[in-house]
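Remarks on the structure that follows.
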Amino acid sequence: MNITSESPRNEKNHRSKRIELVITPGRSLGPFRLGSTLWDTIHYLRGRQNFFPSVELKYSQEEPIKYDFIIALPSNGVNLRFDGVFQRMKSIECFDPTKIKLGLSFIFPIPAKHRELYESSTDLPLEFPDGTTPIASHIYLFSNGSPSWQKATIPSIAKIVAEHNANTTLKYGKIGRREVESVKALPGKEAILNFPTHEALDSRENPLSSSQVHITLRISTPQDILAELGKPSRIFYKEEDKMKIHSVTDDGAMIGRPSEDRKGDPPTDYFFNYFHLGIDILIDGTLHVCKKIVLHGNIPGHYDFQRYKRCPYQLQFLNDRNGHGIGHDPKVLVDVESDANEAAVPANIVTADMKIDRMKKRIPWDSKNGITVKDGLKGDEHKPVILTRGSSEQNPFGSTYLTGYDEGIVMEVMKNGHVSTIVLF
39 MNITSESPRN
49 EKNHRSKRIE
59 LVITPGRSLG
69 PFRLGSTLWD
79 TIHYLRGRQN
89 FFPSVELKYS
99 QEEPIKYDFI
109 IALPSNGVNL
119 RFDGVFQRMK
129 SIECFDPTKI
139 KLGLSFIFPI
149 PAKHRELYES
159 STDLPLEFPD
169 GTTPIASHIY
179 LFSNGSPSWQ
189 KATIPSIAKI
199 VAEHNANTTL
209 KYGKIGRREV
219 ESVKALPGKE
229 AILNFPTHEA
239 LDSRENPLSS
249 SQVHITLRIS
259 TPQDILAELG
269 KPSRIFYKEE
279 DKMKIHSVTD
289 DGAMIGRPSE
299 DRKGDPPTDY
309 FFNYFHLGID
319 ILIDGTLHVC
329 KKIVLHGNIP
339 GHYDFQRYKR
349 CPYQLQFLND
359 RNGHGIGHDP
369 KVLVDVESDA
379 NEAAVPANIV
389 TADMKIDRMK
399 KRIPWDSKNG
409 ITVKDGLKGD
419 EHKPVILTRG
429 SSEQNPFGST
439 YLTGYDEGIV
449 MEVMKNGHVS
459 TIVLF
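Under the numbering used here, the first residue of the sequence shown carries the number 39, and numbering increases by one thereafter.
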């Protein structure tokens, strides 16, 4: 599926605009850095339509996680390829570079009329029989750790994130907390955010260390959260809660019927929105502690796509579906790239790339403990809740549905089976 964005300029202006992109082998092409996120890249392009007048996002509508994303810049002769799971840039294809340095893969096509002369040869001819020479048609930029441009992989995420967190020119987030490497979510308990850091960014011998931030349900206060994560991107006050889940009070007095404050007005819950972390934190309006944690997948085809950066979460349960305890170090997160073989992921781990059917097979709770919908005629029923956002013009991607477990998790599911949002409570 393609999503195209063009600035309102005529074709003449398109052709007259030329930009000069400096190539750094194994690292970057102009402002485009290998390992950078899809979210950051699209935001960058949106603010510079005079230089990048046409932008096309290409992805698989049915399998947006399984296959790569491509941001095509046809007016600039550049394709940016992103890994589907991590949504990070893995390679850059340049059709018309202005500056070239060593360390890249060059493709010199041999004209058809001379092709049979070199079919059995491994040497590239410097000159054809008619006196012409090969002309480079493509340049591929990829990480030094990749075997070739065809098998390009994203560079070290920890190193990229550590450098991003140390950047002093960015206008969002707190220094050291601008980008999260991984999130370990314990349903019903907390979310643990991992931020890699190191002292000497230019020294490859300097090992990376990491700092963790714990956002704990019913315990973490707004002051705790602000001290750890800094100022949120936005604070949103809820006007209505269509799906009451749980309150932080033990007696259940606030479930479905919020108490009143001193002025007689019901207290209002409010969200801390951290768009750059892919996380929302709901604060209870009465006790002012963390009530819910929302993790966003940033999946194309969803209403909130590109509003939040993809949250690299993993759900971890104390036991698997067979009642077995954790069999690995809880401090070590699973590499989701190895999930091509499902057995490589422990049975009590749910990763962000899994579809809803696979998630349900791994969640160790009885599926009958779903969201309860009250029906005056049929009584209480356990069934998904349909979630719509505006008309078909406002939301051309259609509705999603909510499903979950009373033990502490709700999932928003898209038509293709991918889980776009996880709510911990």
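Each residue gets a CB set at the ideal place from its N, CA and C atoms; glycine is no exception.
Given the structure is predicted, the values throughout are model-derived calculations rather than measurements.
- In the structure shown, residue 256 falls within a coil segment according to DSSP collapsed to helix, strand and coil.
- Assignment of beta strand (DSSP E) within the stretch 58-123, counting only whole runs of 3 or more residues, yields 92-96, 107-111, 116-120 in chain order.
- For residue 329 against residue 463, the beta-carbon gap comes to about 7 Å, under 8 Å, which counts as contact.
- In the three-state scheme derived from DSSP, where H, G and I count as helix and E and B as strand, residue 261 is classed as helix.
- Setting aside the 5 residues that flank it on each side, residue 337 is surrounded in the same chain by 102, 343, 452, 456, 458, each with a C-beta closer than 7 Å to its C-beta; the list follows chain order.
- Taking residue 114 as reference, the option from 260, 271, 93, 120 with the minimal CA-CA separation is 93.
- Apart from the 5 residues on each side of it in sequence, residue 346 sits with its Cβ closer than 7 Å to the Cβ of 313, 316, 334, 336 in its chain, given in chain order.
- Bounds of the alpha helix (DSSP H) holding residue 395 are 394-400.
- One Cα belongs to residue 58, the other to residue 247, and the distance between them is close to 37 Å.
- DSSP lists 230, 352 as the bridge partner or partners of residue 222.
- The C-beta distance from residue 435 to residue 341 rounds to 6 Å, short enough to meet the 8 Å contact threshold.
- Annotated three-state conformation of residue 317 is strand, per DSSP.
- In the three-state DSSP reduction, residue 456 falls in the strand class (E or B).
- Note: residue 129 is bridge-paired with 119, 180 in the DSSP secondary-structure output.
- Taking the Cα positions, residue 217 is about 22 Å away from residue 64.
- Between residue 433 and residue 99, the C-beta spacing is not below 8 Å.
- Judged by beta-carbon spacing, residue 276 lies beyond the 8 Å limit of residue 191, meaning their Cβ atoms are not closer than that value.
- With contact defined as three or more Cβ pairs closer than 8 Å, the stretch 318-327 and the stretch 204-222 are not in contact.
- The C-beta separation of residue 257 from residue 179 comes to about 46 Å, leaving the pair out of contact by the 8 Å criterion.
- Here residue 153 carries a helix assignment [DSSP, helix/strand/coil].
- Separation of residue 106 and residue 121 (C-alpha to C-alpha, rounded to the nearest whole angstrom) is 5 Å.
- Note on residue 126: 16 or more other CB atoms within 10 angstroms of its CB, so buried under the neighbour-count rule.
- By alpha-carbon distance to residue 443, the top candidate from 305, 425, 60, 397 is 397.
- Counting of Cβ neighbours within 10 angstroms places residue 150 among the exposed residues, the total staying below 16.
- Checking the DSSP bridge columns, you'll see residue 448 partnered with 442, 461.
- The beta carbon of residue 83 lies closer than 7 Å to those of 90, 93 in the same chain, with the five residues before and after it left out.
- As a beta-bridge residue in DSSP terms, residue 423 pairs with 440.
- Here the C-alpha atom of residue 261 lies approximately 33 Å from the C-alpha atom of residue 194.
- Counting along the chain, no beta strand (DSSP E) covers residue 213, and no H or E run does either.
- Following the DSSP letters along the chain, one finds residue 330 in no alpha helix (DSSP H) but inside the beta strand (DSSP E) bounded by residues 328-334.
- With a 10 Å radius around the Cβ and a threshold of 16 neighbouring Cβ atoms, residue 185 comes out exposed.
- Leaving aside the five residues that flank residue 309 on each side, the residues in its chain whose CB is nearer than 6 Å to its CB run, in chain order, 274, 318, 320.
- For residue 383, there is no enclosing alpha helix (DSSP H), as DSSP marks it with neither H nor E.
- In the three-state reduction of the DSSP assignment, residue 311 falls in the strand class, which pools E and B.
- Counting along the chain, residue 195 sits inside the alpha helix (DSSP H) bounded by residues 195-204.
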